[in-house]
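Residue numbers (full-length UniProt numbering): 1 to 288.
Below, the structure is given as structure tokens:
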């Protein structure tokens with residue numbers, strides 16, 4: 001059965017969900033997006049995703065398409081309409097439709113789309129085996145804290161890496177790792193310190209990243225937010241990536257070099273367990 005999609009105030013079958021060829025999201029990648037996971041009928045980290053959505057819209061000068069309370073209701077409704085208990089909700093807001101022009105009017109009516117993806121988010125085989133990644137030069141636009149749909153460079157590099165037998169890439173800029181193609185990257189030093197890149201416009205301010213660092217500090221782990229090199233990462237005892245779609249996923253090999261003992265590390269496993277437990281408890285139910 002076709003999914004039901006939300007498009008500009010209407011519920012439509014996915015085959016009928018059409019956007020104008022003059023939409024600036026299509027012509028200029030002038031749009032932002034968010035992805036929220038659902039586990040066991042609960043929205044994961046929703047307040048964080050809402051806050052980042054607002055920040056991204058403000059940064060690009062795009063109007064919020066609906067009120068905050070309505071947006072939460074739409075998340076619940078689209079999950080119910082599509083029978084999603086475990087999966088993802090994708091939303092995208094573009095600046096809107098106008099004839100192709102680099103200069104846009106001050107006030108435009110945004111295009112707002114939401115759809116669901118069924119996914120067994122708690123059944124990730126890479127949680128057991130870990131990821132193999134390769135480093136590549138950073139080539140994305142500079143203001144990466146804004147969650148735009150400008151994802152071509154990430155898609156090209158990850159596709160290239162996949163065809164070479166890797167799971168993902170790590171971007172390197174000025175000798176330091178920024179992040180993975182669609183996830184934040186973390187290492188655990190031989191001394192047991194959790195290290196991740198400090199927040200700046202060099203990387204996306206990941207919602208899962210923030211939750212994991214909060215939980216790590218609550219668990220009395222030492223945390224450092226700073227730049228680090230590929231060489232430091234390869235010498236770590238553990239490494240992992242965090243994102244809304246994969247939570248905490250271990251990295252066991254980098255550029256062909258085994259990280260730690262090549263197995264999923266205890267801190268990665270512990271943080272994943274804590275994260276899932278906390279959000280099964282604190283997530284927002286889609287029912288009611």
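By construction, the Cβ of each residue, glycine as well, lies at the ideal position given by its N, Cα and C atoms. None of these values were measured; they are calculated from a predicted model.
Does any residue of chain D bring its CB to less than 7 Å from the CB of residue i?
i	result
residue 34	As a matter of chain content, chain D is missing from the structure shown, which is built from one protein chain.
Whose CA, out of the options, lies closest to the CA of residue i?
i	options	result
residue 9	46, 48 and 78	78
residue 172	23, 230 and 276	230
residue 70	50, 272, 30 and 201	50
residue 291	200, 266 and 145	In the structure displayed, the chain extends from 1 to 288; residue 291 sits before or after that span and is not available.
residue 120	88, 145 and 103	88
residue 221	193, 232 and 138	193
residue 98	22, 250 and 263	22
residue 12	218, 239, 82 and 217	82
residue 271	210, 233 and 113	210
Report all residues from its chain with a CB closer than 8 Å to the CB of residue i; omit the five preceding and five following residues, and keep chain order.
i	result
residue 167	126, 131, 132, 133 and 161
residue 197	176, 177, 178, 179, 184, 185, 203, 225, 226, 227 and 228
residue 305	Nothing about residue 305 can be read from this structure; the chain reaches only from 1 to 288.
Go ahead and pull the three-state DSSP assignment for residue i.
i	result
residue 271	helix
residue 214	helix
residue 187	strand
residue 127	helix
residue 153	helix
residue 46	helix
residue 177	strand
residue 282	helix
residue 23	strand
residue 207	helix
residue 28	helix
residue 105	coil
residue 259	coil
residue 87	strand
In its own chain, which residues sit with a C-beta less than 7 Å from the C-beta of residue i, not counting the 5 before and 5 after it?
i	result
residue 110	62, 63, 65, 93, 94, 95 and 96
residue 181	154, 157, 158, 168 and 169
residue 284	42, 43 and 46
residue 2	13, 14 and 15
Exercise for review: State whether the stretch 40-56 contacts the stretch 277-286, with contact taken as three or more CB pairs (one from each stretch) at a distance under 8 Å.
Suggested key: yes
Point to revise | Inter-stretch contact at 8 Å, needing at least 3 Cβ pairs: the stretch 198-207 / the stretch 226-246 | key: yes
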